[in-house]
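A.B. asks:
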Amino acid sequence: MCTAPPRLRFARTWTADLKDRKIRVNTLSPGPIDTPIFETVVTEKDQVEQLKAGFAAQVPLGRMGKSEEIATVALFLVSDDSSFVTGIDLSVDGGMAQV
1 MCTAPPRLRF ARTWTADLKD RKIRVNTLSP GPIDTPIFET VVTEKDQVEQ
51 LKAGFAAQVP LGRMGKSEEI ATVALFLVSD DSSFVTGIDL SVDGGMAQV
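The sequence shown begins at 1 in the UniProt record's numbering and counts up one residue at a time.
Below, the structure written as structure tokens:
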């Protein structure tokens with residue numbers, strides 16, 4: 001039985017399948033990100049802040065991520081700077097996956 005998350009199995013399988021075509025495959029797993037979606041889920045401002053604080057408390061860095069931080073990592077993965085990176089699942093979650 002395979003216990004790897006589906007996204008990791010996806011990256012590993014496609015990495016093997018596409019290596020001869022020189023196509024790199026990586027997945028990106030974001031943690032809690034501070035976006036306007038919270039205002040659509042909860043309408044009261046204090047509830048939004050409580051919800052965000054609850055997420056931030058679970059992150060070792062003590063805060064939620066920003067969409068710009070996810071974009072920066074995605075840009076790295078598609079750039080030549082990551083030309084020797086393939087088959088990984090990169091957690092961009094303030095350390096949540098490690099604790």
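Cβ atoms here follow ideal geometry from the backbone N, Cα and C, with glycine treated the same way. Here the structure is a predicted model, which means the values were calculated and not measured.
1. Take Lys22 as the anchor and find which of Ala97, Ile37, Phe76 and Gly87 has the nearest alpha-carbon.
2. Would you give the residue range spanned by the alpha helix (DSSP H) that Pro6 belongs to?
3. Skipping 5 residues on each side, what residues in its chain have a beta carbon closer than 6 Å to that of Met1?
4. State the start and end residues of the unbroken alpha helix (DSSP H) segment that holds Ile28.
5. So, under 8 Å CB-CB, Pro30 and Gly62 are touching, yes? Tell me the CB distance rounded to an integer number of Å.
6. Under the three-state reduction of DSSP, which class applies to Asp93: helix, strand or coil?
7. At what residues does the alpha helix (DSSP H) containing Lys22 begin and finish?
8. Assuming Gly54 is part of the alpha helix (DSSP H), what are its boundary residues?
9. With DSSP collapsed to three states, give me the class of Met1.
C.D. replies: Taking the coordinates as given:
1. Gly87
2. Pro6 to Leu18
3. Bear in mind that a pLDDT of 45 at Met1, under 50, signals an unreliable position, so the model cannot answer this.
4. Reading off the sequence, residue 28 comes out as Leu, not Ile. Taken as a continuous stretch (DSSP letters only), Leu28 belongs to no alpha helix (DSSP H), being part of the beta strand (DSSP E) at Thr27 to Pro30.
5. Not really, about 17 Å apart at Cβ, beyond 8 Å.
6. coil
7. Annotation for Lys22: no alpha helix (DSSP H) segment contains it, and DSSP assigns it neither H nor E.
8. Gly54 -> alpha helix (DSSP H) spans Lys45 to Ala57.
9. For Met1, the pLDDT reaches just 45, beneath the cut-off of 50, and the residue's location in the model is therefore unreliable, although a value from the coordinates is still provided. Of the three classes helix, strand and coil, the one that applies to Met1 here is coil, per DSSP.
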